[in-house]
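Below you'll find the structure, written out as structure tokens, and then a few comments.
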Amino acid sequence: MRKEKPIQRYNALERMNHWVVAFCFILAAISGLGFFFPSFNWLMNIFGTPQLARILHPFAGVIMFAAFMIMFLRYWKYNLFNRNDLVWAKNIHRITLNEEVEGDDTGRYNFGQKCVFWVAIISLVLLLASGIVIWRPYFAHAFPIPLIRLALLVHSLAAVGLIITIMVHIYAALWIKGTITAMVEGTVPAAWAKKHHPRWYREVREKQQEDKP
Ligand code: HEM
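Residues in the sequence shown are numbered from 1 upward in steps of one, following the numbering used here.
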């Protein structure tokens, strides 16, 4: 039988956009952990020196937020929850064991990916809003001390939430065979699409049929 051609999932601009987010996330997360825990202070050297880390960390955060907004505007409609997500969530133990789940008709993104998406946008909005309140020397002087304290708490909690979520995201991206090529080469094997995202696979094929001259 002839092997089906890989399917395009992201174009070059989408991939560059995602890797800008990922790169800024790593810079901001590593330097942030360096500020937070004394035993991790050495991580501040990711920007060269601790002083530079203190200056550049907020800028990396703002770039990450702006780049993620482009992803948000592009993908939010594919990340809306639907009835199928319930089937996926109820059978997560079988899905993680790579077993077939009857009645699962996942579209472009599965329930797990949708959760990552919404946690990411909520944490990034909280990180940006609280980050502005605590950003010395530019904005912090405009806010009362109790608000700055609250913002520090929100900033830390949102950062921990996002870091844990992205660790799960990276694990899933590397662990599920065929996924990482989506963000590196832009394509996924047809068998991967059929198995993990059957509704999306059918939609892509139907569109290809319609577009045929
Ligand atoms: C640092 C290492 C990272 C790796 C290896 C990675 C890997 C991937 C891969 C392979 C995909 C394609 C999945 C698919 O289409 O099924 C993807 C999609 C995506 N990634 Fe990442 N990623 C990383 C960091 C991040 C970060 C930091 C964020 C956000 C703060 C992020 C947000 C997303 C989003 C929103 C999607 C599209 C999925 C959706 O809309 O539900 N990624 N990533």
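Quick reminder that beta carbons are idealized off the backbone N, C-alpha and C, glycines included.
As the structure is a prediction and not an experimental result, all values here were calculated from the model.
Rounded separation between Asn110 and Phe47 - CA only: 36 Å
Close beta carbons around Val204, own chain, < 6 Å, minus the five adjacent residues each side: Ile7
Distance, Ser39 Cα to Ile134 Cα: 23 Å
Beta strand (DSSP E) segments (min. 3 residues) lying fully within the region 38-115: none
Three-state secondary structure (DSSP) of Thr187: strand
heavy atom of the ligand HEM below 7 Å from Lys114 C-beta: yes
Option nearest Ile163 by Cα separation, candidates Lys5, Phe25 and Arg9: Phe25
Selected residue, minimal CA-CA separation from Phe117, among Leu150, Val101 and Arg74: Arg74
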